[in-house]
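A.B. asks: Residue numbers (this note's numbering): 646 to 891.
All C-beta atoms, glycine included, are put in the ideal place defined by N, C-alpha and C.
Source: prediction; values computed, not measured.
Encoded as structure tokens, here's the structure I'll be asking about.
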């Protein structure tokens, strides 16, 4: 799967600027300083388009896989943005920036903390805010329990259940979130950086991409299910770090 996906990603053509301008904007980022967010919106639209094209087949698109992939990338982008801003650029110690947890079950390291939660679930343009806002515009009346997802992630650290979305069999993605991050991050991160060198923008780019796909699939998937797939993929992938990914 990933070999053919790589070919599509590297050969996907950019949509002409006139064509993209002729379509009504679907993402809902609104800000008094909209001009500052324009690169984020453009980057999100291109990520959504590029990944949609790459994951499409002659049978169409497996929407659950696309949503899981974008959610996983958005979650991972949260940690990478914090790591870049506070550890790499400011030179702060890793254990001052994150709560670092070493699993006794499998010796893997996981990362938590307030700085990480902000782009993931707490800030105005967090992954959660952008995704849940789009889901509500698609008709979602009651938000999913985000705290339950956080609890589940914490409870499954180091186990085989960690990072596996609790989705019904009929709606499971074709790959686990870790595999999407491991393969897609190196392919797409340079594109994200080309739109913004600001680390705080990186999760927002993927958040806008999620919005794009959610709005485009409004009548194709239950908004609660779509939001659940996104966040069940995003939260655990914000806790991992894959060396040599940047």
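Tell me whether residue 885 sits in a helix, a strand or coil according to DSSP, three-state version.
C.D. replies: Within the chain shown, the letter at position 240 stands for residue 885. Residue 885 falls in the coil class under three-state DSSP.
A.B. asks: Can you tell me which of 850, 776, 845 puts its alpha carbon nearest to the alpha carbon of residue 870?
C.D. replies: Residue numbering aside, residue 870 sits at position 225 when the chain shown is read from its first letter. Among 850, 776, 845, the Cα nearest to that of residue 870 belongs to 776.
A.B. asks: Is it right to say residue 858 is buried, meaning 16 or more other beta carbons lie within 10 angstroms of its own, or is it exposed?
C.D. replies: By 1-based counting over the chain shown, the position of residue 858 is 213. Its Cβ being crowded by 16 or more others within 10 Å, residue 858 is buried.
A.B. asks: Please report how far the alpha carbon of residue 832 lies from the alpha carbon of residue 785, in whole angstroms.
C.D. replies: On the chain shown, position 187 is the one that residue 832 refers to. On the chain shown, position 140 is the one that residue 785 refers to. Approximately 32 angstroms between the Cα atoms of the pair.
A.B. asks: Tell me which residues share the same chain as residue 882 and place their Cβ nearer than 6 angstroms to its Cβ, disregarding the 5 neighbours each side in the sequence.
C.D. replies: Taking the first residue of the chain shown as 1, we reach residue 882 at position 237. Contacts found: 717, 720, 721, 822, 826.
A.B. asks: Who are the Cβ neighbours of residue 757 in its own chain at under 6 angstroms, not counting the five residues just before and after it?
C.D. replies: For the purposes of this step, residue 757 is taken as residue 112 along the chain shown, with counting starting at 1. For residue 757, where only same-chain residues beyond five positions count, the Cβ hits under 6 angstroms are 744.
A.B. asks: Report the rounded CA-to-CA distance for residue 739 versus residue 844, giving the unit in angstroms.
C.D. replies: Here the question's residue 739 lines up with position 94 in the chain shown. Here the question's residue 844 lines up with position 199 in the chain shown. Their Cα atoms are separated by approximately 16 angstroms.
A.B. asks: Determine the direct distance from the alpha carbon of residue 734 to that of residue 727, and round the result to whole angstroms.
C.D. replies: Here the question's residue 727 lines up with position 82 in the chain shown. Here the question's residue 734 lines up with position 89 in the chain shown. Each residue's Cα considered, the two are about 10 angstroms apart.
A.B. asks: Please report how far the alpha carbon of residue 820 lies from the alpha carbon of residue 712, in whole angstroms.
C.D. replies: Here residue 820 refers to the residue found at position 175 of the chain shown. Here residue 712 refers to the residue found at position 67 of the chain shown. Cα to Cα, the separation comes out at about 11 angstroms.
A.B. asks: Leaving aside the five residues before and after residue 841 along the sequence, list all residues of the same chain whose C-beta is less than 8 angstroms from its C-beta, in chain order.
C.D. replies: Taking the first residue of the chain shown as 1, we reach residue 841 at position 196. Excluding sequence neighbours, residue 841 sits near 684, 685, 688, 847, 850.
A.B. asks: Ignore the nearest five residues each way along the sequence and tell me which others in residue 760's own chain have a CB closer than 7 angstroms to its CB.
C.D. replies: For the purposes of this step, residue 760 is identified with residue 115 of the chain shown, where counting begins at 1. These residues qualify, in order along the chain: 727, 731, 742.
A.B. asks: Nearest-angstrom Cα distance between residue 780 and residue 868?
C.D. replies: Against the chain shown, residue 780 aligns to sequence position 135. Against the chain shown, residue 868 aligns to sequence position 223. Between residue 780 and residue 868, the C-alpha separation is close to 5 angstroms.
A.B. asks: By a C-beta neighbour count over all protein chains shown, 10 Å radius and 16 as the cutoff for buried, is residue 804 buried or exposed?
C.D. replies: Position 159 of the chain shown holds residue 804. By the neighbour-count rule (16 or more Cβ atoms within 10 Å), residue 804 is not buried but exposed.
A.B. asks: Can the beta-carbon of residue 692 be found less than 7 angstroms from the beta-carbon of residue 854?
C.D. replies: Taking the chain shown and counting its residues from 1, the one referred to as residue 692 is at position 47. Taking the chain shown and counting its residues from 1, the one referred to as residue 854 is at position 209. Closer than 7 angstroms, so yes.
A.B. asks: What would DSSP say about residue 698, mapped onto helix, strand or coil?
C.D. replies: Residue mapping note: residue 698 aligns to position 53 of the chain shown, counting from 1. Here residue 698 sits in helix by DSSP.
A.B. asks: Taking Cβ to Cβ, would you say residue 863 is nearer than 7 angstroms to residue 783?
C.D. replies: For the purposes of this step, residue 863 is taken as residue 218 along the chain shown, with counting starting at 1. For the purposes of this step, residue 783 is taken as residue 138 along the chain shown, with counting starting at 1. Cβ distance < 7 angstroms, so residue 863 and residue 783 count as in contact.
A.B. asks: Determine the contact status of residue 802 and residue 748, defining contact as a CB-CB distance below 7 angstroms.
C.D. replies: The residue given as residue 802 occupies position 157 in the chain shown. The residue given as residue 748 occupies position 103 in the chain shown. Cβ distance < 7 angstroms, so residue 802 and residue 748 count as in contact.
A.B. asks: Do you know offhand how far residue 753's Cα is from residue 829's?
C.D. replies: As a working mapping, residue 753 is identified with position 108 in the chain shown. As a working mapping, residue 829 is identified with position 184 in the chain shown. Approximately 21 angstroms between the Cα atoms of the pair.
A.B. asks: Nearest CA to the CA of residue 835: which residue from 725, 791, 707?
C.D. replies: If you number the chain shown from 1, residue 835 lands on position 190. Checking every option, the nearest Cα to that of residue 835 belongs to 725.
A.B. asks: Give the secondary structure of residue 772 by DSSP, where H, G and I count as helix, E and B as strand, and everything else as coil.
C.D. replies: Numbered from its first residue, the chain shown carries residue 772 at position 127. Residue state, collapsed to three classes: helix.
A.B. asks: Is the Cβ-Cβ distance between residue 797 and residue 709 less than 7 angstroms?
C.D. replies: One-based indexing of the chain shown puts residue 797 at position 152. One-based indexing of the chain shown puts residue 709 at position 64. The answer is no: Cβ separation not under 7 angstroms.
A.B. asks: In chain order, what are the residue ranges of uninterrupted beta strand (DSSP E) at least 3 long that sit wholly in the segment 792-836?
C.D. replies: Whole beta strand (DSSP E) segments, 3+ residues: zero.
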